[in-house]
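Asker: Just add 161 to wherever you are in the sequence shown, counting from 1, and you've got the working numbering.
Pasting a structure below so you can have a look.
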Amino acid sequence: MPGKPRKTITDAKELRALAHPLRMRLLQLISQDGPLTATQCARAVGESVANCSYHINTLAKYGYVEQADGGQGREKPWQAVYEGHSFSDVGVDEETALAGEAMSEAFIQVAFDRTREGMRALSLEPDEWREAVGLSDCSEWLTAAETAAVREEIQEILRRHKNRRDDPSARPEGARPVYFFLSTMVDRPVERA
């Protein structure tokens, strides 16, 4: 069975729909654990059902999620339409670039919140998980092409396991959802006098 496609977002309105931290978190949650109802999402993110329902409906309006089979009435499950999303501000108009910045800021806020929450709860995890996860950083001298190649290599490693998202039978015993946040930014070298 072919996987879900990735979507490259080029429309300013679609970008603005994701420029809200709760919507971004709901989309991530539904993509990872879906199909989920608004009630299940509300429990997971600590928000009201009405608030989650409103934001899920906004995601549906812009084609990020759709109703899944099953459920009835207010307890309808939602599933992600795409495997993931990407956006590039290269060659776009100012409105789209600004919407992309707002979406990126929401993404970063959600990523930092998830990382902070995970680090706070790390002491509750078994030793094997405490040794497996963590933070690291580095700064290396690379060209733009080398940087793009490193990012692609890392993403290729993670894609080896993507079938497990939608197929629980493919998950080995003890497998849990693991959040990876990859950020690559250009540092400014120190000016030497």
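Beta carbons are placed, not taken as given, at the ideal position from N, Cα and C, and that holds for glycine.
Does the Cβ of Gly207 have 16 or more other Cβ atoms within 10 Å, making it buried, or fewer, making it exposed?
Answerer: Counting from one through the sequence shown, the residue named residue 207 turns up at place 46. Looking at its Cβ environment, which holds fewer than 16 other Cβ atoms inside 10 Å, Gly207 is exposed.
Asker: By the three-class DSSP mapping on this structure, what secondary structure does Met162 have?
Answerer: By one-based count along the sequence shown, residue 162 stands at place 1. Per-residue confidence for Met162 stands at a pLDDT of 40, beneath the threshold of 50, marking its modelled position as unreliable; no derived number is given.
Asker: Do the CB positions of Pro169 and Ser249 come within less than 9 Å of each other?
Answerer: Here residue 169 corresponds to residue number 8 of the sequence shown, with the count starting at 1. Here residue 249 corresponds to residue number 88 of the sequence shown, with the count starting at 1. Inspection of the sequence shows that residue 169 is occupied by Thr rather than by Pro. Yes; because the gap between Cβ atoms is below 9 Å, this pair is in contact.
Asker: Could you pull the start and end residues of the beta strand (DSSP E) that Ala241 belongs to?
Answerer: Here residue 241 refers to the residue found at position 80 of the sequence shown. Element bounds for Ala241: 239 to 241.
Asker: Who are the near neighbours of His246 in its chain, counting only those whose CB is closer than 6 Å to its CB and skipping five residues on each side?
Answerer: To locate residue 246, count along the sequence shown from 1; it is residue 85. Correct list, in chain order: Lys168, Ile170.
Asker: Taking Cβ to Cβ, would you say Leu110 is nearer than 9 Å to Tyr215?
Answerer: Only positions 162 to 354 of the chain appear in the structure, and residue 110 is not among them; the question remains open.
Asker: Ignore the nearest five residues each way along the sequence and tell me which others in Gln270's own chain have a CB closer than 6 Å to its CB.
Answerer: Here the question's residue 270 lines up with position 109 in the sequence shown. Closer than 6 Å at the Cβ level, and outside the excluded window around Gln270, lie Pro182.
Asker: Within this structure, are the beta carbons of Thr257 and Ala173 separated by less than 9 Å?
Answerer: For the purposes of this step, residue 257 is taken as residue 96 along the sequence shown, with counting starting at 1. For the purposes of this step, residue 173 is taken as residue 12 along the sequence shown, with counting starting at 1. Cβ atoms of Thr257 and Ala173: closer than 9 Å.
Asker: I'd like to check one pair, Leu179 with Ala267: are the Cβ atoms closer than 9 Å?
Answerer: Numbered from its first residue, the sequence shown carries residue 267 at position 106. Numbered from its first residue, the sequence shown carries residue 179 at position 18. Yes, Cβ-Cβ distance for Ala267 and Leu179 is below 9 Å.
Asker: Report the rounded CA-to-CA distance for Ala282 versus Val294, giving the unit in angstroms.
Answerer: Working through the sequence shown from its first residue, we reach residue 282 at position 121. Working through the sequence shown from its first residue, we reach residue 294 at position 133. Between Ala282 and Val294, the C-alpha separation is close to 12 Å.
Asker: Checking 9 Å against the spacing of the C-beta atoms, do Arg325 and Arg332 come in under that value?
Answerer: As a working note, residue 325 is residue 164 in the sequence shown. As a working note, residue 332 is residue 171 in the sequence shown. Contact flag set, yes.
Asker: Can you list, in chain order, the residues of its chain with a C-beta nearer than 7 Å to that of Leu197? Leave out the 5 residues immediately preceding and following it.
Answerer: Stepping through the sequence shown from its first residue, residue 197 is reached at position 36. Closer than 7 Å at the Cβ level, and outside the excluded window around Leu197, lie Leu190, Ile191, Pro238, Trp239.
Asker: According to DSSP, Arg167 sits in a beta bridge with which residue or residues?
Answerer: Residue 167 sits at position 6 when you count from the first residue of the sequence shown. The partner list for Arg167 (beta bridge, DSSP) reads Gly245.
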